[in-house]
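S.K.:
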Amino acid sequence: MRFDVITIFPGLIRGYLDEGVLGRAEGRGIVAIETWNPRDFSGFPHQRVDDRPFGGGPGMVMMAPPLLACIAAARVANPGAPVVYLSPQGKPLSQKDLQVMAGWLGLILLAGRYEGIDERVMGAVDEEWSIGDYVLAGGELPALVLMEGLSRLLPGFLGHPDSAEEDSFSSSGLLDCPHYTRPEWCNGEGVPDILLSGDHRRIARWRHQQALLRTRIRRPDLWAERSLTREEEILLKEADMAEGKY
Ligand code: SAM
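In terms of numbering that gives the first Met the number 0, the sequence shown opens at residue 0 and continues consecutively.
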């Protein structure tokens with residue numbers, strides 16, 4: 000999958016790629032990531048890309064001409080890829096959305112700065128996505144969030160193809176179960192016996208039960224959307240009985 004990121008701070012993107020799994024995925028050819036700096040398309044003195052807002056008010060606004068020229072160039076390099084503006088006003092991004100996007104061949108990601116972009120750029124934008132109901136200083140972190148979340152779903156990114164399927168928000172609709180590793184004892188707390196039993200069928204059952212319990216307690220919104228299988232009803236009843244709830 001090819002990502003083209005439009006940003007006035009390409010070093011923020013490259014710096015992250017130099018250190019993390021996303022950069023390794025790039026090295027292994029799972030993704031290709033290119034950055035485009037609107038300053039290179041400015042045409043204004045000192046490669047300026049921002050100006051004061053019409054009507055007054057605080058802050059600066061990213062000017063339309065450099066962004067439109069940059070988007071046009073990125074479209075030529077990544078034909079057919081939708082242009083996505085990362086914005087707190089966009090649709091909130093979820094794992095389900097990432098699963099859909101994982102089937103696409105490419106994305107052009109526009110990272111804003113300052114008070115945002117001139118509204119007339121929106122005519123060249125295909126989609127607007129938010130990474131949550133809070134405001135960051137720029138769209139570079141949201142672009143990285145989107146690229147990493149998406150890349151994890153691409154074949155070859157994760158060591159084990161089932162890993163993503165066991166994650167929270169996967170098709171099971173449940174949060175992930177608790178995990179433990181060595182040492183067996185830590186701060187006076189041991190590991191649940193069942194995980195040391197070597198009985199893989201019982202371990203899988205226990206993990207499923209824990210995922211159900213966690214989701215029921217922590218995410219009533221997800222819980223309400225989901226219906227239980229007969230096996231899951233039994234798992235929950237067993238857990239509730241062990242807690243003395245019956
Ligand atoms: N004035 C804008 C508003 O209130 O909607 C916020 C502008 S913000 C300071 C600057 C840039 O950061 C935005 O153009 C956008 O690209 C990015 N950004 C900030 N928060 C974001 C979020 N939650 N999701 C996606 N992008 C975000």
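C-beta: ideal position from N, C-alpha, C; glycine also. Computed from a prediction, not measured in an experiment: that's the story for all the values here.
When the Cα atoms are used, what is the spatial distance from ASP180 to ARG225?
M.R.: Counted from its first residue, the sequence shown places residue 180 at position 181. Counted from its first residue, the sequence shown places residue 225 at position 226. Before going on, a small fix: residue 180 reads as Thr here, not Asp. When rounded, the distance between both Cα atoms is 30 Å.
S.K.: Quick one: Cα of ILE130 to Cα of LEU149, how far?
M.R.: Residue mapping note: residue 130 aligns to position 131 of the sequence shown, counting from 1. Residue mapping note: residue 149 aligns to position 150 of the sequence shown, counting from 1. Taking the straight line from one Cα to the other gives about 13 Å.
S.K.: Use the C-beta contact count for GLN88: other C-beta atoms within 10 angstroms, 16 or more gives buried, fewer gives exposed.
M.R.: Here residue 88 refers to the residue found at position 89 when the sequence shown is read from its first residue. Looking at its Cβ environment, which holds fewer than 16 other Cβ atoms inside 10 Å, GLN88 is exposed.
S.K.: Report yes if the CB atom of GLY105 is closer than 8 Å to the CB atom of MET0, and no otherwise.
M.R.: As a position in the sequence shown, residue 105 is number 106, starting the count at 1. As a position in the sequence shown, residue 0 is number 1, starting the count at 1. Their beta carbons are under 8 Å apart, which means GLY105 touches MET0 by this criterion.
S.K.: Using CA coordinates, which residue listed in ILE32, PHE53 and ALA63 is at the minimum distance from PHE40?
M.R.: Walking along the sequence shown from the start, residue 40 turns up at place 41. The shortest Cα separation from PHE40 among ILE32, PHE53 and ALA63 belongs to ALA63.
S.K.: With a cut-off of 8 Å on the beta carbons, I'd call SER167 and ASP161 a contact; round off their distance for me.
M.R.: For the purposes of this step, residue 167 is taken as residue 168 along the sequence shown, with counting starting at 1. For the purposes of this step, residue 161 is taken as residue 162 along the sequence shown, with counting starting at 1. About 14 Å; that fails the 8 Å criterion.
S.K.: With distances taken between CB atoms, is the gap from PRO65 to GLY58 smaller than 8 Å?
M.R.: Reading the sequence shown from its first residue, position 66 is the one you call residue 65. Reading the sequence shown from its first residue, position 59 is the one you call residue 58. No.
S.K.: Tell me, which residues are paired with LEU16 by DSSP?
M.R.: Translated into positions along the sequence shown, residue 16 becomes position 17. Per DSSP, none; premise fails for LEU16.
S.K.: For a minimum of 3 consecutive residues, which ranges assigned as the beta strand (DSSP E) are wholly contained in the stretch 62-96?
M.R.: Listed in chain order, they are 82-91.
S.K.: Return the residue from the list GLY122, GLY137 and LEU108 that minimises the CA-CA distance to GLY115.
M.R.: For the purposes of this step, residue 115 is taken as residue 116 along the sequence shown, with counting starting at 1. With distances taken between Cα atoms, GLY115 lies closest to GLY137.
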